[in-house]
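Asks: Each residue of the sequence shown is one higher than the one before, starting from 1 at the first, in the working numbering. By construction, the Cβ of each residue, glycine as well, lies at the ideal position given by its N, Cα and C atoms.
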Amino acid sequence: MAFMPHREVYDSRLNSQAVAALWFVCSPTGNMIEHRFLPDGCMDLIVRARVRDGVIVETFLFVAGPALLGQCVPIDGDAVYAGIRFRPAWGAVCLRLDARETAESIVSEQALPRALDKIRDHLAAMTNPAQLLAALAETAGRLSEGRASYWRPDAAVDLIQQGRLSLQEVARRLCLSERALRREVLAATGLSPKALCSIARVRKAVQALGDSGRSLAEVADMCGYSDQSHMTRDFQRMAKRTPNQIRAKYLAEIF
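(1) Between which two residues does the alpha helix (DSSP H) containing residue 171 stretch?
(2) From this set, 103, 71, 62 and 201, which residue's C-alpha is nearest residue 111's C-alpha?
(3) Cα-Cα, which of 223, 37, 204 and 209 is closest to residue 273?
(4) Let me confirm a value: residue 42 is counted as buried when at least 16 other C-beta atoms fall within 10 Å, else exposed. Which label applies?
(5) Use the C-beta contact count for residue 231: other C-beta atoms within 10 angstroms, 16 or more gives buried, fewer gives exposed.
(6) Residue 94 by DSSP, collapsed to three states: which one?
(7) Taking DSSP as the reference, what is the three-state secondary structure of residue 67?
(8) Considering only residues of the same chain and omitting the five flanking positions on each side of residue 286, which have a CB-CB separation below 7 Å?
(9) Our contact map puts residue 227 next to residue 220 with C-beta atoms below 8 Å; I'd like the distance itself, whole angstroms only.
(10) Looking only at its own chain, which residues have a Cβ that is under 7 Å from the Cβ of residue 178, when we skip the five neighbours before and after it?
(11) What did DSSP end up calling residue 197 once you bin it into helix, strand or coil?
(12) Bridge partners of residue 43, per DSSP?
(13) Of the residues 124, 32 and 56, which one's Cα is nearest the Cα of residue 77?
(14) If you draw a straight line from the C-alpha of residue 105 to the C-alpha of residue 65, how long is it?
(15) Cutting at 7 Å between CB atoms, please list the residues of its own chain near residue 199, excluding the five before and the five after it.
(16) Measure the CB-CB distance between residue 107 and residue 80 and report whether it falls below 9 Å.
(17) When you compare the stretch 186 to 198 with the stretch 94 to 103, are there three or more beta-carbon pairs, one atom per stretch, that lie closer than 8 Å?
(18) Which two residues bound the contiguous beta strand (DSSP E) that contains residue 36?
(19) Three-state secondary structure (DSSP) at residue 145?
(20) Going by DSSP, what residue range makes up the alpha helix (DSSP H) through residue 186?
(21) Rounded to whole angstroms, what's the CA-CA distance from residue 143 to residue 109? Just pull it up for me.
(22) On the DSSP letters alone, give me the boundaries of the alpha helix (DSSP H) that residue 99 sits inside.
(23) May I ask which residues mark the beginning and end of the beta strand (DSSP E) holding residue 159?
(24) Quick one, which of 241, 27, 175 and 153 has its alpha-carbon nearest residue 93's?
(25) Excluding the five sequence neighbours on either side, which residues of its own chain have a C-beta within less than 8 Å of the C-beta of residue 192, listed in chain order?
(26) Taking the runs of the alpha helix (DSSP H) that are 4 residues or longer, which of them lie wholly in the stretch 207 to 238?
(27) Alpha carbons only, please: which of 161, 164 and 155 is nearest the one belonging to residue 174?
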């Protein structure tokens with residue numbers, strides 16, 4: 001198969017307000033690999049497909065809930081993982097799940113809402129990875145259709161993740177008390193405002209590490225850390241690697 005280890009796919013049918021991307025991961029060699037996922041605060045609807053001679057022989061549908069901590073996932077040589085990544089606050093409403101109950105967890109196929117049964121059967125009918133990706137794009141459009149009128153906790157998430165405003169100022173802009181803001185964000189995303197801010201900062205720092213001309217101290221400063229040690233502690237806690245390790249070896253393996 002001519003698949004890259006990881007690729008994000010964009011499609012005109014996607015509701016960009018609700019869906020961040022389609023993505024897939026597979027082994028480029030046919031041997032088991034480990035793929036490192038950075039936390040992103042998103043909820044993903046994922047299909048794990050076993051492929052033989054280019055043909056899908058088995059599929060499993062599950063949901064990965066929003067997480068503060070990164071994961072290292074083994075990818076079998078005959079497996080393709082493909083998913084819909086919903087933006088923070090949108091996965092729960094599109095998939096009819098409780099964001100707080102799914103946080104830091106996996107919802108198995110058997111535990112998914114009955115409303116997703118038709119989607120499961122439709123995706124299971126695909127015979128090759130290209131068809132599966134096309135079906136996921138169609139599914140993403142269907143799941144997010146008509147959701148734009150939903151109350152906009154994503155506005156709160158956007159302001160929080162920008163990192164330029166205090167929680168008090170975010171609450172004021174949205175005409176909420178801080179307590180109400182925390183409650184609404186936790187209910188919508190499964191994560192606290194503080195966790196969302198930490199996730200955004202780590203991901204921004206990972207991108208900045210791709211510029212080899214920047215020192216770690218410069219990256220820490222531009223991403224809002226108090227100092228380089230603060231950034232290193234966050235990386236070790238959330239990505240299980242130091243910034244130098246990410247820069248040296250893992251940057252091409254994570255997203």
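Replies: In terms of the structure at hand:
(1) 167 to 173
(2) 62
(3) Because the chain spans 1 through 255 in this model, residue 273 falls outside it and cannot be assessed.
(4) Under this definition residue 42 is a buried residue.
(5) The residue is buried, with at least 16 neighbouring Cβ atoms inside 10 Å.
(6) helix
(7) Residue 67: coil per DSSP, three-state reduction.
(8) Past the edges of the chain, shown from 1 to 255, lies residue 286, and the structure says nothing about it.
(9) 6 Å
(10) 167, 168 and 171
(11) helix
(12) 86
(13) 32
(14) 5 Å
(15) 39, 40, 41 and 68
(16) no
(17) yes
(18) 33 to 37
(19) Here residue 145 carries a coil assignment [DSSP, helix/strand/coil].
(20) 178 to 189
(21) 17 Å
(22) 99 to 102
(23) First-last for residue 159: 153 to 162, but that is the alpha helix (DSSP H), not the beta strand (DSSP E).
(24) 153
(25) If we look at residue 192 and ignore the five residues flanking it on each side, its Cβ neighbours are 182, 185 and 186.
(26) Every alpha helix (DSSP H) stretch that sits fully inside the stretch 207 to 238 and reaches 4 residues is listed by chain position as 216 to 222 and 228 to 238.
(27) 155
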